[in-house]
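Trainee: This is the structure I have questions about; it appears just below.
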Amino acid sequence: MTTAKTSTKTVVTTTTAGDVTITSHFACSQLDNITRINGNLLIKAAAALTSLSCLSNLLVVTGSLTILGNDDLGTAVLPSLTSVGTYIYIGSNSKLTDVSFSQLSSIGSFVDVSDNDQLQTISLPRLSSTGDFFDVYENTKLTTLLANALRTVTGHVQIRKTKLTQYDGMILLACVLDGRTDLRDSSSSAFEARVKVAAAAWRSPTCV
């Protein structure tokens, strides 16, 4: 948190002027009033950081959001985040079990969630489109992917090497129709078969 002291009051700064890098719990705790980052947000190898509660007020990241190699991070929940200007990459967080961006509606480029060994749930219930691709792979304990508002992915959709038993979202089904969804190594052939049956029944694919 950054403050500016005047003779009459203390003004709390809620916007950053450039990129932000978080490498510790302490560094994150200094950002608890930030609502907008005008640049990229990198959370990397952050010591003792077990959650992202310090960023609960964050609304907008104009650049990219990267959460990488945080060995103590158990949950990545950003309840206020609505927009990311370029991409989201979440990778190699060994204890991460839950990713939830409940208000996120737009991403300028791509989503890549990969190599998170303990990840079980990804929840993006308001995300309607991505400007490039949507990849979820090598999350070998992932059982639930919620993306029920997602309709448009300009590039490909890749879902592989997971344990998915629940998928709530139509873009996967739409992309199955045109052959650009990769479901290799999902939890079972039965799950893949159910997806394809549902896809065949859905008549308005918007995967372009």
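Counting from -12, one number per residue, gives the positions in the sequence shown under the numbering used here. For glycine and all other residues, C-beta sits at the position ideal for the given N, C-alpha and C. In this text the structure is predicted, and so the values were computed from the model without any measurement.
#1: Looking at C-alpha atoms only, which residue of THR117, ILE54, ALA4, PHE88 is the closest neighbour of LEU133?
#2: Taking the continuous beta strand (DSSP E) assigned at PHE282, which residues delimit it?
#3: Out of curiosity, what's the CA-to-CA distance linking LEU141 and ASN135?
#4: With burial defined as no fewer than 16 other Cβ atoms inside 10 Å of the residue's Cβ, what is the status of SER11: buried or exposed?
#5: Please classify ASP99 as buried or exposed, where buried requires at least 16 neighbouring CB atoms within 10 angstroms.
#6: In this structure, what does DSSP give as the bridge partners for TYR76?
#7: Going by CA-CA distance only, name the one from SER110, ILE9, PHE120, ASP119 that's closest to LEU68.
#8: Quick check on SER43: does DSSP put it in helix, strand or coil?
#9: Could you give the DSSP three-state label for ALA14: helix, strand or coil?
Mentor: So, from the listed chains and residues:
#1: PHE88
#2: The chain is shown from -12 up to 195; residue 282 falls before or after that span and cannot be answered.
#3: A small fix is needed here, since residue 141 is Thr in this sequence, not Leu. Answer to the nearest angstrom: the Cα atoms are 17 Å apart.
#4: exposed
#5: buried
#6: THR53, ASP99
#7: SER110
#8: coil
#9: helix
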